[in-house]
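Peer 1: Structure provided below as structure tokens; questions to follow.
Protein chains in written order, with my numbering: chain E, 1 to 180; chain R, 1 to 110.
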């Protein structure tokens, strides 16, 4: 017996929004195979995705906020920092639907020009390769300082003894400052 | 125990679960609401409400058997708890009390 299957994109999206134990994924597949249309399936998946995003943006738990202990900070700043759903990885505040925009971009690229993913992959690998080369070059050169001087000369005991008074070397920094 | 009043959708979910009886899960509950309530219901909304009701102890869930019609996925079966039944009765009592004595609602016509 052959069953009607959902489109792969809808199935992938459904896997993001509903776990196997939820019952929702099984129910949707059951209804599809019982005669519901693929358009109906898509509508249900999109609504589930929307509800999941909405639930993430409106946490039900009202815990003690950091503003309770730091009353002088602006509440909007503190709330933003405490709510990871409002922050991007770069640390900037997330505007608008956030994750939905990213998801839309991914869907658009996948539908319109899937070859673009290869370009992204090559760019990522190229960036990693350049980073590795730069890090290795930096290690080979060591820590750079002013030309003609050793980078760690400040901590050289012989040089230090010539410019720092003996009293300062015994742990009296104020006399060192007075001497300068 | 404090009185628990339900939202209209929660009340419909609980009543539909009670009407379906044993083996109630998302699809028949949603179908019951669509047929008796006369409004289309998203399955995700049904599960979101059931999840909330379960967290509040008004329904309990168990996993059924996996079937090929569901792509090898198990059904999540729901049953109303005693607290859930009490909440339905309290909500019914509150609604009936509100309904009674409203002159505009007397008679069969709307």
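Every residue gets a Cβ at the ideal spot worked out from N, C-alpha and C, and that includes glycine. As the structure is a computational prediction, the values presented were derived from the model and not from experiment.
Quick one: which chain R residues come within Cβ less than 9 Å of residue 24/E?
Peer 2: Result: 26, 43, 44, 46, 47, 76.
Peer 1: Say whether chain E places a C-beta atom closer than 8 Å to the C-beta of residue 84/R.
Peer 2: Not an interface residue.
Peer 1: Short of 6 Å in beta carbon distance, which residues of its chain neighbour residue 72/R, apart from the five on each side in sequence? Order them along the chain.
Peer 2: Result list for residue 72/R: 66, in chain order.
Peer 1: Where does residue 62/E sit, in a helix, a strand or coil, going by DSSP?
Peer 2: With a pLDDT of only 43 at residue 62/E, under the threshold of 50, the placement of this residue in the model should not be trusted, and no figure is reported.
Peer 1: Would you say the region 38-48 of chain R touches the region 42-52 of chain E, given that touching needs at least three Cβ pairs under 8 Å?
Peer 2: At 8 Å Cβ cutoff, the stretches touch.
Peer 1: Expressed to the nearest angstrom, what Euclidean distance is found between the alpha-carbon atoms of residue 99/E and residue 63/R?
Peer 2: Each residue's Cα considered, the two are about 31 Å apart.
Peer 1: If we count Cβ pairs, one from each stretch, closer than 8 Å, do we get three or more for the region 3-13 of chain R versus the region 75-87 of chain R?
Peer 2: Yes, the region 3-13 of chain R is in contact with the region 75-87 of chain R.
Peer 1: The alpha helix (DSSP H) with residue 26/E in it runs from where to where?
Peer 2: Residues 24-33.
Peer 1: For residue 4/E versus residue 32/E, is the C-beta distance shorter than 8 Å?
Peer 2: Their beta carbons are under 8 Å apart, which means residue 4/E touches residue 32/E by this criterion.
Peer 1: Taking any Cβ of chain R, which residues in the region 110-132 of chain E have a Cβ under 8 Å from it, in chain order?
Peer 2: Within the region 110-132 of chain E, no residue qualifies.
Peer 1: Using a cut-off of 7 Å between C-beta atoms, extract the partners of residue 118/R located in chain E.
Peer 2: Nothing about residue 118/R can be read from this structure; chain R reaches only from 1 to 110.
Peer 1: Counting contacts by CB-CB distance shorter than 8 Å, is residue 38/E in contact with chain R?
Peer 2: Not one chain R Cβ lies under 8 Å of residue 38/E.
Peer 1: In chain R, which residues lie with their C-beta within 7 Å of the C-beta of residue 33/E?
Peer 2: Near residue 33/E (Cβ distances below 7 Å), the residues of chain R are 69.
Peer 1: Is the Cβ-Cβ distance between residue 32/R and residue 48/R less than 8 Å?
Peer 2: Against a cut-off of 8 Å, the Cβ pair of residue 48/R and residue 32/R comes out as no contact.
Peer 1: Would you verify that the beta carbon of residue 47/E is, or is not, closer than 8 Å to some beta carbon of chain R?
Peer 2: Yes, because at least one Cβ of chain R sits closer than 8 Å to the Cβ of residue 47/E.
Peer 1: Are residue 109/E and residue 116/E touching if we call contact CB-CB under 8 Å?
Peer 2: It is a contact, given that the beta carbons lie within the stated cut-off.
Peer 1: With residue 30/R and residue 46/R assumed to form a contact (beta carbons below 8 Å), what rounded beta-carbon distance in angstroms separates them?
Peer 2: Between residue 46/R and residue 30/R the Cβ distance is about 5 Å, and since that is below 8 Å, they are a contact.
Peer 1: Thinking C-alpha only, which one of 70/R, 106/R, 50/R is nearest residue 6/E?
Peer 2: Considering only alpha carbons, the answer is 70/R.
Peer 1: Using a threshold of 8 Å, state whether the C-beta atoms of residue 26/R and residue 23/E are closer than that.
Peer 2: Contact: yes.
Peer 1: What residue range is occupied by the uninterrupted beta strand (DSSP E) comprising residue 61/R?
Peer 2: Where residue 61/R is concerned, the enclosing beta strand (DSSP E) stretches over 59-67.
Peer 1: Comparing C-alpha positions only, which one of 104/E, 30/E, 20/E sits nearest to residue 46/E?
Peer 2: Nearest option by C-alpha distance: 104/E.
Peer 1: For residue 95/R, which of helix, strand or coil comes out of DSSP?
Peer 2: Note: residue 95/R maps to helix in three-state DSSP.
Peer 1: Check whether the Cβ atoms of residue 57/R and residue 22/R lie closer than 8 Å to each other.
Peer 2: No.
Peer 1: Closer than 7 Å: is that where the CB of residue 48/R sits relative to any heavy atom of the ligand ADP?
Peer 2: You won't find the ligand ADP in this model; it holds no ligand whatsoever.
Peer 1: Could you check if residue 78/R is buried or exposed, using at least 16 other CB atoms within 10 Å of its CB as the buried criterion?
Peer 2: Buried: at least 16 other Cβ atoms inside 10 Å.
Peer 1: With a CB to CB cut of under 6 Å and the five nearest residues on each side skipped, what residues in its chain are close to residue 17/E?
Peer 2: Cβ within range, chain order: 48, 49, 52.
Peer 1: Taking just the CA atoms, how far does residue 130/E sit from residue 124/E?
Peer 2: Taking the straight line joining both Cα atoms gives about 10 Å.
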